[in-house]
Amino acid sequence: MIRSAFSDGDAMISVFPSFEGGIHLIRVENKERRLIVHSTVKSKTAAELIEQAVFHFKQWKSWMFMPWMPNLEVHLIAKPVILQSSWSQIL
Numbered sequence: 141m142i143r144s145a146f147s148d149g150d151a152m153i154s155v156f157p158s159f160e161g162g163i164h165l166i167r168v169e170n171k172e173r174r175l176i177v178h179s180t181v182k183s184k185t186a187a188e189l190i191e192q193a194v195f196h197f198k199q200w201k202s203w204m205f206m207p208w209m210p211n212l213e214v215h216l217i218a219k220p221v222i223l224q225s226s227w228s229q230i231l
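The structure is reproduced here in structure tokens:
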């Protein structure tokens, strides 16, 4: 379950609790009609966390996902996300 979310204006960064006691940060952004997902989550629940992050991004930018809009491809990039003080908390 998502703990909180941040935005840098274009992307949504979802924060999920980790079973190891830390947190997982997953960044989702729209670039050239693609959803780019930055994540280094390697737990058993990685696919579920990424799916939740994409779901919350679609809720946040719902106008981009109307039925008449073309579907966006999801591309996963194994890149760490580091929390920044300049991000705005949105959830």
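The sequence shown begins at 141 in the working numbering and counts up by one. All C-beta atoms, glycine included, are put in the ideal place defined by N, C-alpha and C. Being a predicted model, the structure only gives us computed values, none of them experimental.
- It is roughly 22 angstroms from the alpha-carbon of methionine 141 to the alpha-carbon of aspartate 150.
- Taking C-beta atoms as the reference points, leucine 165 and valine 155 count as a pair closer than 8 angstroms.
- Rounded to whole angstroms, the gap between the alpha carbons of histidine 196 and glutamate 160 is 23 angstroms.
- Leucine 223 is not a Cβ neighbour of alanine 145, given a cutoff of 8 angstroms.
- Every alpha helix (DSSP H) of 4 residues or more that sits fully in the region 166 to 203 is shown, in chain order, as 186 to 200.
- Residue state for phenylalanine 146 is assigned as strand, using DSSP reduced to three classes.
- A direct Cα-Cα distance of roughly 22 angstroms separates isoleucine 163 from histidine 215.
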